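Peer 1: In this note's numbering, the protein residues as written are 21 to 894. Virtual Cβ for every residue (Gly too), placed ideally from N, Cα, C. Since we're looking at a predicted model, the values are computed, not measured.
1) Out of 373, 516, 395 and 420, which one is the CA nearest neighbour of residue 431?
2) Under the three-state reduction of DSSP, which class applies to residue 726: helix, strand or coil?
3) Please list the terminal residues of the continuous alpha helix (DSSP H) segment that includes residue 843.
4) Would you grab the beta carbon distance between residue 768 and residue 824 for me? Rounded to a whole angstrom, and I think it's under 8 Å.
5) Which residues in the same chain have their Cβ closer than 6 Å to the Cβ of residue 704, if we skip the five residues on either side of it in sequence?
6) For residue 740, which of helix, strand or coil comes out of DSSP?
7) Give me, in chain order, the residues of the same chain whose beta-carbon lies closer than 8 Å to that of residue 442; leave out the 5 immediate sequence neighbours on both sides.
8) I'd like to know if the segment 111-127 and the segment 165-177 are in contact, where contact means that at least 3 CB-CB pairs between them fall below 8 Å.
9) Exposed or buried, residue 601, counting other C-beta atoms within 10 Å across all chains shown (16 or more means buried)?
10) Between the segment 494-502 and the segment 465-485, do three or more beta carbon pairs fall short of 8 Å?
11) Of the residues 396, 398, 391 and 354, which one's Cα is nearest the Cα of residue 379?
12) Which first and last residues belong to the beta strand (DSSP E) in which residue 801 is found?
13) Among the residues of its own chain, which have a CB less than 7 Å from the CB of residue 727, if the five just before and after it don't count?
14) Using alpha carbons as the reference points, say which of 611, 733, 621 and 725 lies closest to residue 654.
15) Any beta carbon of chain B sitting closer than 7 Å to that of residue 151?
16) Please determine, among 141, 321, 215 and 616, the residue with the shortest C-alpha to C-alpha distance to residue 101.
17) Compute the Euclidean distance between the alpha carbons of residue 416 and residue 346, then round it to the nearest angstrom.
18) Identify the residues that DSSP records as bridge partners of residue 719: which are they?
19) Kindly indicate the opening and closing residues of the beta strand (DSSP E) around residue 773.
20) Hey, out of 777, 793, 850 and 782, whose CA is closest to residue 819's CA?
21) How many whole angstroms separate the CB atoms of residue 793 and residue 826, which I take to be in contact at a CB cut-off of 8 Å?
22) Of the choices 227, 381, 781 and 331, whose alpha-carbon is the least far from that of residue 149?
23) Identify whether residue 822 lies in helix, strand or coil by the three-state DSSP scheme.
24) How is residue 504 classed by DSSP in three states: helix, strand or coil?
25) Nearest-angstrom Cα distance between residue 470 and residue 370?
26) Taking the continuous alpha helix (DSSP H) assigned at residue 440, which residues delimit it?
27) Sorted by chain position, which residues of the same chain lie with C-beta nearer than 6 Å to residue 731's C-beta, five sequence neighbours on each side aside?
28) For a quick check, are the C-beta atoms of residue 418 and residue 448 less than 7 Å apart?
29) Would residue 57 be called buried (16 or more neighbouring beta carbons within 10 Å of its own) or exposed?
30) When you compare the CB positions of residue 164 and residue 196, do they come within less than 7 Å of one another, or not?
31) Sort out for me which residues DSSP pairs residue 807 with in a bridge.
32) Over what stretch of residues does the beta strand (DSSP E) that includes residue 746 continue unbroken?
33) What do you get for residue 844, buried or exposed, if any count of 16 or more other CB atoms within 10 angstroms of its CB means buried?
34) Exposed or buried, which one is residue 304 when buried takes at least 16 other CB atoms within 10 Å?
35) Just the Cα atoms here: how many angstroms apart are residue 153 and residue 223?
36) Per DSSP, residue 608 is paired with what?
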């Protein structure tokens, strides 16, 4: 930024000249045109010449006002160039030192990490310097180009002045001043070209040094990973040889000296220098974010506490616990997130040892804080003797562990992981941990025995045995690895299991919270059943629950891999697994493609269900659509969604157009032989949906069976008879057979009831009574109006027919209600309902006749009971 101000100052006179040349061009136009016959007077020419003279004198004065300005600018440029060359030389020496470190067979992890951090600091500093340098070069190039353009314009004006203007003393003076101005500008142009040449040469050197730094960085990162794996399984043959008193005295002296350095100004001056080298902007931004979290911690905690208070009841217990953990450790969580993000972006530390110590310290504090809060809340609700013992011992354990681990981290930051003093303290901590574990479980058995004698119900041995075995395995395994010489592996083993315990705690809270959410959804479904009968209150809720469970599983898997592996190793391993593929002819199926296809199928299923719900309740519900039309639109939409999802999944799997053509060809052969009926029913289902001869909710009659259409599926249609029997009918039957749709377009049906009255009845009274009966039954529609027909003079009765209209839902019960009311009203009015009668006439006959003819007048179709016949005596 200093150099850019110098450049602006260098070209300040050039900017003044630009405006002057523009004015000169406008003023020279009248001078040139004065030689031609115009109406301009001599007085005007002399005024123009005076104005041009004044402008030239002002421009020359501006150019000569700071005779030493250009020299000072060049001197500053020389100093800056020398500074940059010194920095490049320092980076070259640093690269040589790092290259020598890479040649060492058994380099320390700490040395490699510090070298990598220094390399990143150099890259960051040099990249910022190059960005600033590139801007300066761009500004200088632009100014030089503008200067050349203005010089060209001035030369052109001078040539025109020499050719067209008549010779005079004033003109000669103007030409002389303009020549002087051009001379100054040409000199500055030459100096600008020299500057650009030097700038380009130096910038090329900076780019070359940047390439060397990046190459060394890549080598250091690769060597660091290799060295970490090598040290992880490297064994120290005589680990107890470190316990010599002389080694411990030496390291204690180093500890005293290192602690003294922290109080010296030179140490902090170096840190400040590193901060300036790294730019300081990134570290300042992260520090501001952390300070913001500290300042707003009370407001955030109050908000989380208000939300926590609203989550009352057993159905919110785990979610309330999660909020409580985050509320109590808000500042530490923010610090851990910022440190994790800083390391994830691979940004350089001002002091790598200090940065690593702070990072590990934050993780330790967070582990202890969450452990204390988890045991207090999960076991604090129980007042049994066992719960009180476990809670008290675990709280004291975490508090003691926090102090010991922080002291150990301080020693690691000063001496490194392989220090004798660090190893001794770490070994003592591991022995104390194992002893504490043995004491804890032994005392717990005694507490359980006392609780049983008091009538309490303690945890069963089947629940405690896995936890006890795991604690012995972790503590004993760490100590065993340390004693046989696997130092790095022991540390990795212990830290890995500590992170695993933290991950298991949050996995347990997350899974139980999802279970509470799912139970809440099912409770909502119990009060308001969903149409699909899925057991949740809505497809969106069901989808969110399932996606949350999938996210929980993926997060648990990624967390487990991250705990036991490095981030880069995990990324490379996951990428390698995803890229595994199997070739089947021209089709290449990869693990990534299969997973993406499964995700697409799940999303398609969820989209189809959510789309149905949205169409039914949000889009089509506000329109006056028929129920069957709505069902057709919803079903066709779901078919389209599934079709697009299947095509997209096939594309992700690697099925191209050629493969799809082969598949469809094989499918056509299968349709021709074995899948003809299925395909026929599928096409018939599409015809039913588009043509809509039957719709969901219609009452149809097929094969003599009355039923209501409940659902039109891909292959078949589900109908429900009036006896509540569900019948599955292939779709092709509705296309190829005769189907009676009693509610097609109009759900009204006409019914009739016939009644016969005795001869001699009042027929007008009969007619009015039948109409009154029809008007009094609610199920009978008022329009079209009911009517009565006099059908016939029957053998035994006068036949009347009552016709009326009803909705198809009242097809049967309406006729029953009419007959009940008819019988009651006719009894009240004395109208006789006729029944079949038969009259028998008997005639006397002679004895010698074997039979006597009879005549029977049948009054109705039903025969009357036979009467015994006795012949008459003479």
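Peer 2: Checking against the coordinates, here is how it stands:
1) For residue 431, the closest of 373, 516, 395 and 420 by C-alpha to C-alpha distance is 373.
2) Strand at residue 726.
3) That run of the alpha helix (DSSP H) goes 833-849.
4) Not confirmed; about 11 Å, so no contact.
5) So the list reads 751, 752 and 755, once near-sequence residues are dropped.
6) Strand, per DSSP.
7) Contacts found: 428, 431, 432, 435 and 436.
8) Fewer than three beta-carbon pairs drawn from the segment 111-127 and the segment 165-177 are found closer than 8 Å, and the two stretches are therefore not classed as touching.
9) Per the 10 Å Cβ criterion, exposed.
10) Using a C-beta cut-off of 8 Å, the segment 494-502 makes no contact with the segment 465-485, since fewer than three inter-stretch Cβ pairs fall below that distance.
11) 354 is the residue among 396, 398, 391 and 354 whose C-alpha sits nearest the C-alpha of residue 379.
12) Unbroken run through residue 801: none, as it is neither H nor E.
13) Apart from the 5 residues on each side of it in sequence, residue 727 sits with its Cβ closer than 7 Å to the Cβ of 720, 739, 740, 741 and 747 in its chain, given in chain order.
14) Among 611, 733, 621 and 725, the Cα nearest to that of residue 654 belongs to 733.
15) Going by chain labels, chain B is absent from the structure shown, which holds only one protein chain.
16) For residue 101, the nearest C-alpha among the options comes from 215.
17) Put simply, the backbone Cα of residue 416 is about 21 Å away from that of residue 346.
18) Residue pairing by DSSP places residue 719 opposite 728 in a beta bridge.
19) DSSP places residue 773 inside the beta strand (DSSP E), whose first and last residues are 768-777.
20) When 777, 793, 850 and 782 are compared, the shortest CA-CA separation from residue 819 is found for 777.
21) Taking a contact as a CB-CB distance under 8 Å, the pair residue 793 and residue 826 does not count as one, their CB atoms being some 14 Å apart.
22) Its Cα nearest to that of residue 149, the residue 227 stands out among 227, 381, 781 and 331.
23) Note: residue 822 maps to strand in three-state DSSP.
24) It is coil, neither helix nor strand.
25) Cα to Cα, the separation comes out at about 57 Å.
26) Start and end: 440-473.
27) If we look at residue 731 and ignore the five residues flanking it on each side, its Cβ neighbours are 738.
28) Contact flag unset, no.
29) In this prediction, residue 57 scores a pLDDT of 35, lower than 50, which makes its location untrustworthy; the coordinate-derived value is nonetheless stated afterwards. Residue 57 should be labelled exposed.
30) Result no, Cβ atoms of residue 164 and residue 196 do not sit closer than 7 Å.
31) DSSP output for residue 807 lists 823 as bridge partner(s).
32) Where residue 746 is concerned, the enclosing beta strand (DSSP E) stretches over 746-750.
33) Exposed is the label assigned to residue 844, since fewer than 16 other Cβ atoms lie within 10 Å of its Cβ.
34) Looking at its Cβ environment, which holds fewer than 16 other Cβ atoms inside 10 Å, residue 304 is exposed.
35) C-alpha of residue 153 to C-alpha of residue 223: approximately 7 Å in a straight line.
36) Paired residue(s): 603.
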